[in-house]
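Working notes, beginning with the structure itself.
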Amino acid sequence: MRQAQQMIGLPVLHPRGGKVGRVQDVWFDESWRFCGVVLHRPFPWPKRSVRVVRKERIVSWGEDALMIDGADAVETVDGKRPLRTFDTGPVRLKDRPVYTVEGRELGRVSDVYFRPEEDKPWIGVELSDGFLADVTEGRRRLFLPGDAEAVIGEDAILVPASCERVLERNHKEQGECP
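With positions in the sequence shown counted from 1, the corresponding number in this note's numbering is that position plus 3.
This is the structure:
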């Protein structure tokens, strides 16, 4: 299982030990399945293109670096096409509010959990209730139970009402902080 926040900033290395870039963001498809990573642009302008590495070209992830199968794994895609990403793209998950289908807000997305080897959408999120709550109480984690589906809309994420109970129980029992 991977976390988007832990991947951002990692150097991307090819088999000969050369650095081809640094991970700027995690890239998802229209169904929010992991597609690959977006590399940091050395110059912010022009924004006509985005450098990416598709998941098929990623050989391994370590705590300190991402390894790819060759320097040619870096592709340039049209920057005008909206990419679905975790943090920097025009369509992104970070800071998106999460609600139950009954209308209760659970928090805002601060991290996302996914399994790159599986062809499934993300499996869980870390939720923030704001800076003060994060510091005093810690962030809460929400993993979708079993075959539960989340609806990822344009402005919010909707989850089954049962997710609120799972979220509260895990938070109280484990007392986890980020």
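Idealized CB from N, CA, C, for every residue including glycine. Treat the numbers as computed from the prediction; the structure is a model and nothing was measured.
How would you call E129, buried or exposed, if buried means at least 16 neighbouring beta carbons within 10 angstroms?
Answer is buried; the Cβ neighbour count reaches 16.
Measure from the alpha carbon of S165 to the alpha carbon of each residue in I155, E157, A151, then state which is nearest.
Checking every option, the nearest Cα to that of S165 belongs to A151.
Quick one: any contact between the region 24-38 and the region 89-97, if contact means 3 or more CB pairs under 8 Å?
Enough Cβ pairs lie closer than 8 Å, so yes.
Rounded to a whole number of angstroms, what is the C-alpha to C-alpha distance between G1 and R5?
The question about residue 1 has no answer here: the residues shown for the chain are numbered 4 through 181.
Where do the ends of the alpha helix (DSSP H) carrying M70 lie?
M70 -> not in any alpha helix (DSSP H); beta strand (DSSP E) instead, spanning 69-71.
Count the other CB atoms within 10 Å of the CB of G12; is the residue buried (16 or more) or exposed (fewer)?
The residue in question, G12, is exposed, as its Cβ has fewer than 16 Cβ neighbours within 10 Å.
Using only alpha-carbon positions, find the residue among V55, P100, T103, M70 that is nearest to D81.
For D81, the nearest C-alpha among the options comes from V55.
Which of the three DSSP states, helix, strand or coil, is assigned to P14?
Here P14 sits in strand by DSSP.
Could you check whether H17 and V23 sit closer than 8 Å to each other, using their CB atoms as the reference points?
Yes; because the gap between Cβ atoms is below 8 Å, this pair is in contact.
Counting C-beta neighbours from all protein chains within 10 Å, is the total for S34 16 or more, i.e. buried, or is it exposed?
Answer is exposed; the Cβ neighbour count stays below 16.
Could you name each continuous beta strand (DSSP E) segment of 3 residues or more that falls completely within the region 106-148, going from the start of the chain to the end?
DSSP runs (the beta strand (DSSP E)) wholly in the region 106-148: 108-117, 127-131, 143-146.
Excluding the five sequence neighbours on either side, which residues of its own chain have a C-beta within less than 6 Å of the C-beta of D72, listed in chain order?
Taken in chain order, the residues that qualify are R60, V62.
If contacts are defined as beta-carbon pairs under 8 Å, then P100 and A7 qualify, I think. What distance do you get, rounded to the angstrom?
Wrong, their Cβ atoms sit about 17 Å apart, outside the cutoff.
Please report the residue range of the beta strand (DSSP E) in which R25 lies.
Its beta strand (DSSP E) spans residues 22-31.
Suppose contacts are defined by Cβ-Cβ distances below 8 Å. Is R107 in contact with E167 by that definition?
Yes, they are a contact pair.
What span of residues does the beta strand (DSSP E) with P163 cover, start to end?
Where P163 is concerned, there is no enclosing beta strand (DSSP E), given that its DSSP letter is neither H nor E.
On the premise that V41 lies in contact with V53, defined as a C-beta separation below 8 Å, what is that separation, rounded to the nearest angstrom?
Their Cβ separation, rounded to whole angstroms, is 6 Å, which keeps V53 and V41 in contact under 8 Å.
Between the alpha carbons of V115 and R36, how many angstroms are there, rounded?
Their Cα atoms are separated by approximately 12 Å.
Name the DSSP beta bridge partners of D81, please?
For D81, which the question treats as bridged, DSSP gives the partners S52.
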